[in-house]
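What follows is a set of notes on a single structure, which appears directly below.
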Amino acid sequence: MAITSVGMSQTTKDWVSLFDGKSTANWTPRAEVELFEAKNGELHLFSKRNVWVISKQKMKNFEVECEVIIPQDYQGFNSGLGFRLSGGDGKPKGYQCEIDRAKPAGIYGIGMGGWLYPNKSLQAEYQKRTQGLFIADQWNQNNRAFVIGNGSYDVDNDQLTRSDAFTVWFNGDATLAGNLNINSDARLKANIVSLGSTLAKLLQIDGKSYTMKKDESEKQKIGLLAQDIEKVFPELVSESNGIKSVNYQGLVPVLINALKEQEERIKRLEELLLD
Numbered sequence: 542m543a544i545t546s547v548g549m550s551q552t553t554k555d556w557v558s559l560f561d562g563k564s565t566a567n568w569t570p571r572a573e574v575e576l577f578e579a580k581n582g583e584l585h586l587f588s589k590r591n592v593w594v595i596s597k598q599k600m601k602n603f604e605v606e607c608e609v610i611i612p613q614d615y616q617g618f619n620s621g622l623g624f625r626l627s628g629g630d631g632k633p634k635g636y637q638c639e640i641d642r643a644k645p646a647g648i649y650g651i652g653m654g655g656w657l658y659p660n661k662s663l664q665a666e667y668q669k670r671t672q673g674l675f676i677a678d679q680w681n682q683n684n685r686a687f688v689i690g691n692g693s694y695d696v697d698n699d700q701l702t703r704s705d706a707f708t709v710w711f712n713g714d715a716t717l718a719g720n721l722n723i724n725s726d727a728r729l730k731a732n733i734v735s736l737g738s739t740l741a742k743l744l745q746i747d748g749k750s751y752t753m754k755k756d757e758s759e760k761q762k763i764g765l766l767a768q769d770i771e772k773v774f775p776e777l778v779s780e781s782n783g784i785k786s787v788n789y790q791g792l793v794p795v796l797i798n799a800l801k802e803q804e805e806r807i808k809r810l811e812e813l814l815l816d
C-alpha cells in the first residue's frame with residue numbers, strides 16, 4: 542500500500558499534514574513489517590501479517606483527506622484508515638474505514654464485533670452508494686468534501702433512508718439532487734434595462750472541448766473559456782485568486798434575447814419570400 546498525502550483538519554484550525562513526504566516520522570508500526578519507508582514522496586508499507594501503523598497526532602473532531610493505492614498482485618488485499626483508536630500496544634480498538642476491493646468505505650469495528658456498516662439490511666444501499674467509488678489500479682482520494690442530506694432512520698426496521706441532497710467533491714465537482722432556485726424577484730432589483738440585441742456578441746463565443754491540466758485521467762469536458770466571454774459579456778466573469786470564473790446561469794437571458802432576435806430575422810425573410 543502507498544500513500545501520497547494524509548492531512549487532517551478541525552473546523553477551527555488549518556489542515557495538518559500527517560506525512561512530510563520524505564520520512565516515516567509521526568508513524569509507528571505496531572507489529573513487525575518487511576518494509577516501511579518514504580519513497581518518491583510516497584509512504585510505502587509491506588507486511589506479511591496484520592499490522593496497524595499509528596500516527597502520533599491526536600484530535601477530537603476532525604476531517605481527514607488522503608490518497609492511496611493498493612497492490613495489484615493480491616486480490617484479497619485488505620487495508621483501511623483507522624480512527625477513534627484506543628490501546629497502547631499491538632492491535633488497537635476502534636473504527637476502520639475500509640480501503641480494499643471487497644468493501645471500500647465500509648466501517649469495521651476493530652475489537653468491536655466486526656462490521657458496523659453495511660449491516661444486512663443496508664447491503665443494497667451500500668452497493669449503490671459505493672459504485673465506482675474505489676478503483677483498485679488507480680490512486681484514490683476520499684473525494685467528498687462534505688454532504689448535506691435529508692434522510693431518516695427507521696428504528697423498528699433498522700433501515701436508513703438517506704438522500705445526498707447536496708454533495709461537494711474535493712476535485713471541485715458538486716451534485717445537487719433537486720432543483721436550484723435563484724432569487725429573481727423584480728422587487729429586489731434596480732436599474733432594470735433590456736439587454737436588447739445579443740446575437741452578434743453571442744456569435745463571438747465558441748464552445749470548446751478540453752481536459753483539465755491537473756486531471757490525470759484526462760476526462761473530456763465541454764464548456765466555454767472565461768476569457769472569451771469576458772470580451773463580450775464582462776458582467777458574467779469574476780476573478781478570485783487569479784482564476785476566472787463564469788456565471789453560466791447568466792447566459793440564459795443572453796440566449797433568450799439572441800433567439801428572439803433570430804426569430805425576428807426569420808419572420809422578415811419569410812415575409813420577403815411571400816412578397
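Letter by letter, the sequence shown follows residues 542 to 816 of the working numbering. The beta carbon of each residue, even a glycine, is placed where N, CA and C say it ideally should be.
Unbroken stretches of the alpha helix (DSSP H), 4 residues or longer, contained in the stretch 742 to 795: 767 to 773
Beta-carbon proximity list for Gly652, same chain, < 6 angstroms, skipping 5 on both sides: Numbered from 1 along the sequence shown, position 111 holds the residue referred to as residue 652. Excluding sequence neighbours, Gly652 sits near Lys634.
Kindly indicate which three-state DSSP category Glu849 falls into: helix, strand or coil? Outside the modelled stretch of the chain, which goes from 542 to 816, sits residue 849, for which no answer is possible.
Taking DSSP's pairing of strands, which residues face Lys634 in a bridge? Locating residue 634 in the sequence shown gives position 93, where the first residue counts as 1. According to DSSP, which records beta bridges pairwise, Lys634 is partnered with Ser627.
Rounded straight-line distance, which links the Cα of Glu776 to that of Gln679: One-based indexing of the sequence shown puts residue 679 at position 138. One-based indexing of the sequence shown puts residue 776 at position 235. The alpha-carbon atoms of Gln679 and Glu776 are separated by roughly 41 angstroms.
Suppose the cutoff is 8 angstroms on Cβ atoms and the five residues either side in sequence are ignored; what does the same chain contact list for Gln761 look like? As a working note, residue 761 is residue 220 in the sequence shown. Ser750, Tyr751 and Thr752.
Which whole runs of the beta strand (DSSP E) in the stretch 593 to 618 are 3 residues long or more, in chain order? 594 to 596 and 604 to 610
Given this structure, state the Cα-to-Cα distance separating Asn591 from Ala572, to the nearest angstrom. The count along the sequence shown starts at 1 and reaches residue 591 at position 50. The count along the sequence shown starts at 1 and reaches residue 572 at position 31. Distance between the alpha carbons of Asn591 and Ala572 is about 8 angstroms.
Rounded to a whole number of angstroms, what is the C-alpha to C-alpha distance between Ser564 and Asn581? The count along the sequence shown starts at 1 and reaches residue 564 at position 23. The count along the sequence shown starts at 1 and reaches residue 581 at position 40. Cα-Cα distance, rounded: 10 angstroms.
From what residue to what residue does the alpha helix (DSSP H) around Thr671 run? Here residue 671 refers to the residue found at position 130 when the sequence shown is read from its first residue. Unbroken alpha helix (DSSP H) run through Thr671: Gln664 to Thr671.
Put Leu559 into one of helix, strand or coil per three-state DSSP. Position 18 of the sequence shown, counted from the start, is the residue given in the question as residue 559. Reduced to three states, the DSSP call for Leu559 is coil.
For Pro659, does the count of other Cβ atoms within 10 angstroms reach 16, so buried, or fall short, so exposed? Counting from 1 along the sequence shown, the entry for residue 659 is found at position 118. Buried, because 16 or more other Cβ atoms sit within 10 Å of the Cβ of Pro659.
Can you tell which of Phe587, Ile797 and Thr569 has its C-alpha closest to the C-alpha of Glu575? As a position in the sequence shown, residue 575 is number 34, starting the count at 1. It is Phe587 whose Cα lies nearest to the Cα of Glu575.
Where do the ends of the beta strand (DSSP E) carrying Ile651 lie? For this step, residue 651 is matched to residue 110 along the sequence shown. It spans Ile648 to Ile651 - the beta strand (DSSP E) in which Ile651 sits, taken as one unbroken run.
Residue range of the beta strand (DSSP E) that Trp568 falls in? Position 27 of the sequence shown, counting from 1, holds the residue named residue 568. Start and end: Trp568 to Pro570.
Keeping to the same chain, check which residues put their C-beta closer than 6 angstroms to that of Ala523; ignore five residues upstream and five downstream. No answer is possible for residue 523: it lies beyond the span of the chain, which begins at 542 and ends at 816.
Do Lys785 and Gln768 have their C-beta atoms within less than 8 angstroms of each other? Position 244 of the sequence shown, counted from the first residue, corresponds to residue 785. Position 227 of the sequence shown, counted from the first residue, corresponds to residue 768. Cβ distance < 8 angstroms, so Lys785 and Gln768 count as in contact.
Can you list, in chain order, the residues of its chain whose CB lies under 6 angstroms from that of Ile640, leaving out five sequence neighbours each side? Numbered from its first residue, the sequence shown carries residue 640 at position 99. Closer than 6 angstroms at the Cβ level, and outside the excluded window around Ile640, lie Val609, Ser620 and Gly621.
Just how far apart, CA to CA, sit Lys669 and Ala715? On the sequence shown, position 128 is the one that residue 669 refers to. On the sequence shown, position 174 is the one that residue 715 refers to. Approximately 18 angstroms, taken between the alpha carbons.
C-beta contact flag for Leu626 and Gln598 at 8 angstroms: The count along the sequence shown starts at 1 and reaches residue 626 at position 85. The count along the sequence shown starts at 1 and reaches residue 598 at position 57. No, the Cβ-Cβ distance between Leu626 and Gln598 is not below 8 angstroms.
Three-state secondary structure (DSSP) at Leu622? Taking the sequence shown and counting its residues from 1, one reaches residue 622 at position 81. If DSSP states are grouped into helix, strand and coil, Leu622 belongs with the strands.
Under the three-state DSSP convention, the category Ala799 falls into: Numbered from 1 along the sequence shown, position 258 holds the residue referred to as residue 799. If DSSP states are grouped into helix, strand and coil, Ala799 belongs with the helices.
In terms of residue numbering, what span does the beta strand (DSSP E) encompassing Leu655 cover? Walking along the sequence shown from the start, residue 655 turns up at place 114. Strictly speaking, residue 655 in this sequence is Gly, with Leu absent from that position. Segment Gly655 to Tyr658, the beta strand (DSSP E) holding Gly655.
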